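Participant:
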Amino acid sequence: MGNCVPGGDHLHQILILGLSGSGKTTLLYKLKIPGWAEQDIAQKIPTPTKGYHYEEFNKRGMRFGMWDVPGADAMQALWPAFYRYIKVSAVIFVVSMVEMNPKKIRQAGEHIRILVHEDELREAAFCVLMNTFGRPMMPGAGQHSTVAFQSTLSLSQAPASLAVGQPVPTIEEMAAKLGLHNLPRSVQMRLKCFAMDVKKGDGDEEWPKALAWLQERIFAIQKQAQAAD
Ligand SMILES: Nc1nc2c(ncn2[C@@H]2O[C@H](COP(=O)(O)OP(=O)(O)OP(=O)(O)O)[C@@H](O)[C@H]2O)c(=O)[nH]1
Ligand SMILES: [Mg+2]
Numbered sequence: 001m002g003n004c005v006p007g008g009d010h011l012h013q014i015l016i017l018g019l020s021g022s023g024k025t026t027l028l029y030k031l032k033i034p035g036w037a038e039q040d041i042a043q044k045i046p047t048p049t050k051g052y053h054y055e056e057f058n059k060r061g062m063r064f065g066m067w068d069v070p071g072a073d074a075m076q077a078l079w080p081a082f083y084r085y086i087k088v089s090a091v092i093f094v095v096s097m098v099e100m101n102p103k104k105i106r107q108a109g110e111h112i113r114i115l116v117h118e119d120e121l122r123e124a125a126f127c128v129l130m131n132t133f134g135r136p137m138m139p140g141a142g143q144h145s146t147v148a149f150q151s152t153l154s155l156s157q158a159p160a161s162l163a164v165g166q167p168v169p170t171i172e173e174m175a176a177k178l179g180l181h182n183l184p185r186s187v188q189m190r191l192k193c194f195a196m197d198v199k200k201g202d203g204d205e206e207w208p209k210a211l212a213w214l215q216e217r218i219f220a221i222q223k224q225a226q227a228a229d
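Per UniProt numbering: the sequence shown = residues 1 to 229.
1) Please work out which residues of its chain come closer than 7 Å, Cβ to Cβ, to Ala225, disregarding the five sequence neighbours upstream and downstream, and give them in chain order.
2) Of all the options Ile218, Ala74 and Ile16, which has the alpha carbon lying nearest to the alpha carbon of Ile112?
3) Please list the segments of the alpha helix (DSSP H) lying wholly inside the stretch 198 to 229, counting only runs of 4 or more residues, in order along the chain.
4) Buried or exposed for Ala37, please, with buried defined as at least 16 other CB atoms from any protein chain shown within 10 angstroms of its CB.
5) One question on the structure: do Val187 and Val116 come within less than 8 Å of each other, judged by their Cβ atoms?
6) State yes or no: is the C-beta of Phe126 within less than 8 Å of the C-beta of Val91?
7) Count the other CB atoms, across all protein chains shown, that sit within 10 Å of the CB of Asn131; report buried if there are 16 or more and exposed otherwise.
8) Could you tell me whether any non-hydrogen atom of ligand 4 is closer than 7 Å to the CB of Lys24?
9) Classify Arg106 as buried or exposed, calling it buried when 16 or more other Cβ atoms lie within 10 Å of its own Cβ.
10) With burial defined as no fewer than 16 other Cβ atoms inside 10 Å of the residue's Cβ, what is the status of Ile114: buried or exposed?
11) Does DSSP classify Met196 as helix, strand or coil?
12) Is the beta carbon of Ser20 closer than 8 Å to that of Pro48?
13) If you draw a straight line from the alpha carbon of Glu216 to that of Ala124, how long is it in whole angstroms?
14) Going along the chain, which residues of its own chain have a beta-carbon closer than 8 Å to the beta-carbon of Val69, five neighbours each way excluded?
15) Starting from Trp67, follow the beta strand (DSSP E) in both directions and report where the run begins and ends.
16) DSSP puts Glu55 in a beta bridge; with which residues?
17) With DSSP as the reference, label Phe133 as helix, strand or coil.
18) Would the beta-carbon of Asn101 be found less than 7 Å away from any heavy atom of ligand 1?
19) Would you check whether ligand 2 has a heavy atom nearer than 7 Å to the C-beta of Asp68?
20) Check the C-beta distance from Leu121 over to Met196 and give it rounded, since I have them as a contact under 8 Å.
21) Which stretch, first to last residue, makes up the alpha helix (DSSP H) that contains Ala108?
In structure tokens form, the structure reads like this:
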């Protein structure tokens, strides 16, 4: 008999993408080695990452491998090599919520738009993981001022990142900045945004929710494929 349990023994592949410094390697290793101390992380995984990292997990009855692919400009050209040669079930696209450079935010949004339309990723679930870098997120408060702040500054004047102590934008505001609302409805069905402090890994209450959503989407897609066989 085939897989009774959705997912079964299948090893699902998840690609972690995003611009340099967004927190991809931090996420992977905080999930793999939860007890890792902050100073060890900074020492052992320098940014930018020079090569890719791969780790396997067995969580919530699902086996999955996670690929952390560097996001530096020169490395972005290599992203397609990963999803062309690996059957990718899901993409976790990590976005920095403290990023203030509109050009960088647009670049991240453009990557997401391209990725969701790639042939090899048309069935993949997309988790846009917004990294709060441990900053508070105040729903409603400060959201309009952040937008106005960015639009009134020229690129050369704009600070690279949010000042310490400033709250990060809300998920909705960040999604709007990334242009996610303009994605077709069919794509929005398989894309969801979560905001967390990736440095907390499993310890952030949003990660289990993001993983549960990814698992649900991956299993739904797998069931559809099995039914079609
Ligand atoms: N406080 C805090 N620092 C973080 C968080 N995520 C990442 N950092 C720091 O931000 C820097 C960049 O994080 P990385 O995980 O190396 O970024 P990356 O996305 O892997 O970058 P590339 O490998 O260049 O693509 C590191 O110094 C991390 O310690 C976070 O959630 N909270
Ligand atoms: Mg890295």
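From the three backbone atoms N, C-alpha and C, an ideal C-beta is built for every residue, glycine too.
Keep in mind the model is a prediction, meaning the values are calculated, not measured.
Facilitator: This is what the structure gives:
1) Here the set comprises nothing.
2) Each of Ile218, Ala74 and Ile16 was checked against the Cα of Ile112, and the nearest Cα belongs to Ile16.
3) Counting whole runs of 4 or more residues, the stretch 198 to 229 contains the alpha helix (DSSP H) stretches 206 to 228.
4) Exposed is the call here.
5) Going by C-beta atoms, Val187 is nearer than 8 Å to Val116.
6) In this structure, Val91 lies closer than 8 Å to Phe126 by Cβ.
7) Residue environment analysis places Asn131 among the buried positions, since at least 16 neighbouring C-beta atoms fall within 10 angstroms of its C-beta.
8) Only ligand 1 and ligand 2 can be found as ligands here, which leaves ligand 4 out of the picture.
9) Counting Cβ neighbours within 10 Å, Arg106 comes out exposed, since fewer than 16 surround it.
10) Answer is exposed; the Cβ neighbour count stays below 16.
11) Residue state, collapsed to three classes: strand.
12) It is a contact, given that the beta carbons lie within the stated cut-off.
13) Taking C-alpha positions only, Glu216 is separated from Ala124 by approximately 12 Å.
14) Within the same chain, Leu15, Ile16, Leu17, Lys24, Tyr52, Met75, Leu78, Trp79 and Phe82 come within 8 Å of Val69 by CB-CB distance, once the 5 residues on both sides are set aside.
15) Here the beta strand (DSSP E) through Trp67 covers Met62 to Asp68.
16) Note: Glu55 sits in a beta bridge opposite Met66.
17) In the three-state reduction of the DSSP assignment, Phe133 falls in the coil class, being assigned neither a helical nor a strand state.
18) Distances between the C-beta of Asn101 and the heavy atoms of ligand 1 are all 7 Å or more.
19) Checking the Cβ of Asp68 against ligand 2 gives yes.
20) Their Cβ separation, rounded to whole angstroms, is 23 Å, which puts Leu121 and Met196 out of contact at 8 Å.
21) Element bounds for Ala108: Pro102 to His117.
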